[in-house]
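Read the structure below first, then the notes.
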Amino acid sequence: GLSSLQQGGGSLNSGALTIQNSYFSDNRAVRGGAVNTHSGGSLTVLESDFHNNRAGVDGLAISGSGGAIYVSESPSVSITDTLLRSNAVTDEGGALGLSDTAAVGDGYTRCVANTSGDDGGAVGVRGTGNVVFDGVTFEGNVADSSGGAFTSWDGADVVFNNTRFDNNHAIADGGGGISAYGINLRVTGDSLFENNTAASSGGAIVTSDSDVALVAADFERNQAGGQGGAIASFSTATLSMRDTTFTDNVAI
Numbered sequence: 005g006l007s008s009l010q011q012g013g014g015s016l017n018s019g020a021l022t023i024q025n026s027y028f029s030d031n032r033a034v035r036g037g038a039v040n041t042h043s044g045g046s047l048t049v050l051e052s053d054f055h056n057n058r059a060g061v062d063g064l065a066i067s068g069s070g071g072a073i074y075v076s077e078s079p080s081v082s083i084t085d086t087l088l089r090s091n092a093v094t095d096e097g098g099a100l101g102l103s104d105t106a107a108v109g110d111g112y113t114r115c116v117a118n119t120s121g122d123d124g125g126a127v128g129v130r131g132t133g134n135v136v137f138d139g140v141t142f143e144g145n146v147a148d149s150s151g152g153a154f155t156s157w158d159g160a161d162v163v164f165n166n167t168r169f170d171n172n173h174a175i176a177d178g179g180g181g182i183s184a185y186g187i188n189l190r191v192t193g194d195s196l197f198e199n200n201t202a203a204s205s206g207g208a209i210v211t212s213d214s215d216v217a218l219v220a221a222d223f224e225r226n227q228a229g230g231q232g233g234a235i236a237s238f239s240t241a242t243l244s245m246r247d248t249t250f251t252d253n254v255a256i
């Protein structure tokens, strides 16, 4: 396993951790540049700011995850009224990395200008767990591969409600806002995708082997370098939509 020096540059936790009105800047670790919660620990973050933290080491066999926060095997993660900005990771989840974890992000939480050297410019989710984002903004995040703002694999149940994706970018692959692989994805409650871009398919969302439902979502001015200016759905994916609008999206 990783040593404590390689996990949680600011804090390492396997118990119950509450962070309120706190500031984490310029911390670094392999997983969880600022905070790492694991092995059944719980995490609550309120009214805090995570800026310029970094996870991962180039060339290391162990992948980096969670530029600011990494959580694994946790029954409860809550992030409220928190700013995650300009954090970076070599692999997955520029701001937040989750593995087999149940998580909720809500209130005025904002993920802004985070970057990933692989997938998930702001958030990367692996494994099972219920993940809900309610009233969260993803803006100006960049992934070198897929999922400019968010990516998830392998069985998670993910809900975005009243969530905004603006000006996120997937540099080399699909899903300027979201890439979803083998998950259940729900987008509801007037969620907005605008000005997101992907080098290949799905300017806003790309999905494969996933069950995707869109209810009252709005897609405006998204762009893909391949198929699906707003959405591209592949393999055994299922896609349903209701009360959803598409305006000025482009596939080049």
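If you count the sequence shown from 1, you need to add 4 to reach the numbering used here. Note that the Cβ used here is the ideal one computed from N, Cα and C, for glycine as well.
What three-state label does DSSP hand D148 in the structure shown?
Numbered from 1 along the sequence shown, position 144 holds the residue referred to as residue 148. Three-state result, D148: coil.
Between which two residues does the beta strand (DSSP E) harbouring D222 extend?
The residue you call residue 222 lines up with position 218 of the sequence shown. It spans D222 to E224 - the beta strand (DSSP E) in which D222 sits, taken as one unbroken run.
Our contact map puts S52 next to Q24 with C-beta atoms below 8 angstroms; I'd like the distance itself, whole angstroms only.
Stepping through the sequence shown from its first residue, residue 52 is reached at position 48. Stepping through the sequence shown from its first residue, residue 24 is reached at position 20. Sure, about 7 angstroms apart at Cβ, within 8 angstroms.
DSSP puts G128 in a beta bridge; with which residues?
Here residue 128 corresponds to residue number 124 of the sequence shown, with the count starting at 1. Note: G128 sits in a beta bridge opposite G101 and T155.
Applying the 10 Å Cβ sphere with the 16-neighbour rule, what's the burial state of R246?
Counting from 1 along the sequence shown, the entry for residue 246 is found at position 242. Flag for R246 reads exposed.
Between the C-alpha atoms of S120 and A221, what's the straight-line distance to the nearest angstrom?
Here the question's residue 120 lines up with position 116 in the sequence shown. Here the question's residue 221 lines up with position 217 in the sequence shown. Going by the C-alpha atoms only, they are around 26 angstroms apart.
By DSSP's criteria, Y185 is part of a beta bridge. Which residues make up the other side?
Start at 1 with the first residue of the sequence shown, and residue 185 comes out as number 181. Beta-bridge pairing links Y185 to W157 and S212.
Rounded to whole angstroms, what's the CA-CA distance from S90 to F54? Just pull it up for me.
For this step, residue 90 is matched to residue 86 along the sequence shown. For this step, residue 54 is matched to residue 50 along the sequence shown. Taking the straight line from one Cα to the other gives about 8 angstroms.
Given this structure, state the Cα-to-Cα distance separating A234 from T22, to the nearest angstrom.
Your numbering for residue 234 matches position 230 in the sequence shown. Your numbering for residue 22 matches position 18 in the sequence shown. So the two alpha carbons sit approximately 38 angstroms from each other.
Go ahead and pull the three-state DSSP assignment for A241.
On the sequence shown, residue 241 is found 237 positions in, with the first residue counted as 1. A241: coil per DSSP, three-state reduction.
Thinking just about the alpha-carbon of each residue, which of S195, F223 and A184 is nearest to the one in D158?
Along the sequence shown, read from residue 1 onward, the residue named residue 158 stands at position 154. Taking only the C-alpha atoms, the option nearest D158 is A184.
When you compare only the Cα positions, how much space is there between G111 and F250?
Working through the sequence shown from its first residue, we reach residue 111 at position 107. Working through the sequence shown from its first residue, we reach residue 250 at position 246. Near 26 angstroms, if we compare the C-alpha coordinates of F250 and G111.
Kindly indicate which residue of V191, F169 and S214 has the alpha-carbon position closest to the one of N199.
Stepping through the sequence shown from its first residue, residue 199 is reached at position 195. Residue F169 is the option with its Cα nearest to N199.
When the distance is taken between beta carbons, is I175 closer than 8 angstroms to D138?
One-based indexing of the sequence shown puts residue 138 at position 134. One-based indexing of the sequence shown puts residue 175 at position 171. Their beta carbons are not under 8 angstroms apart, which means D138 does not touch I175 by this criterion.
What's the C-alpha gap between S82 and L243?
For this step, residue 82 is matched to residue 78 along the sequence shown. For this step, residue 243 is matched to residue 239 along the sequence shown. Rounded to the nearest angstrom, the two C-alpha atoms are 29 angstroms apart.
Y74: buried (16+ other C-beta within 10 angstroms of its C-beta) or exposed?
Position 70 of the sequence shown, counting from 1, holds the residue named residue 74. Y74 is buried by the Cβ-count criterion.
Nearest by alpha-carbon distance to A203: which of F223, Q231, R58 and T41 is it?
Locating residue 203 in the sequence shown gives position 199, where the first residue counts as 1. Answer by Cα proximity: Q231.
Assign G5 to one of three DSSP states: helix, strand, or coil.
As a first step, residue 5 is located in the sequence shown; it is residue number 1 there, counting from the start. Low confidence applies to G5: its pLDDT is 37, below 50, so where it sits in the model is not reliable, and the reading given next is rough at best. It is coil, neither helix nor strand.
Starting from the Cα of T155, find the closest Cα among T84, L189, N253 and V39 and give me that residue.
The sequence position of residue 155 within the sequence shown is 151, counting from 1. Cα-wise, what sits closest to T155 is L189.
So, helix, strand or coil for E51, using DSSP?
Within the sequence shown, numbered from 1, the residue matching residue 51 stands at position 47. E51 falls in the coil class under three-state DSSP.
Could you round the C-beta distance between G68 and V61 to whole angstroms and report it? I think they count as a contact, below 8 angstroms.
Stepping through the sequence shown from its first residue, residue 68 is reached at position 64. Stepping through the sequence shown from its first residue, residue 61 is reached at position 57. That pair is a contact at about 7 angstroms.
Just checking my contact of V4 with S18 at CB under 8 angstroms: how many whole Å lie between their CB atoms?
Any answer about residue 4 is impossible in this case: the structure gives the chain only from 5 up to 256.
Could you tell me the boundaries of the beta strand (DSSP E) in which I83 lies?
The residue you call residue 83 lines up with position 79 of the sequence shown. I83 -> beta strand (DSSP E) spans V81 to T84.
Express the C-alpha separation of A236 and N226 in angstroms, rounding to a whole number.
Taking the sequence shown and counting its residues from 1, one reaches residue 226 at position 222. Taking the sequence shown and counting its residues from 1, one reaches residue 236 at position 232. Approximately 12 angstroms between the Cα atoms of the pair.
By Cβ distance, which residues of its chain are closer than 6 angstroms to A114, with the 5 residues on each side in sequence left out?
Your numbering for residue 114 matches position 110 in the sequence shown. First, the amino acid is wrong: residue 114 is Arg here, not Ala. Contacts found: L87 and T141.
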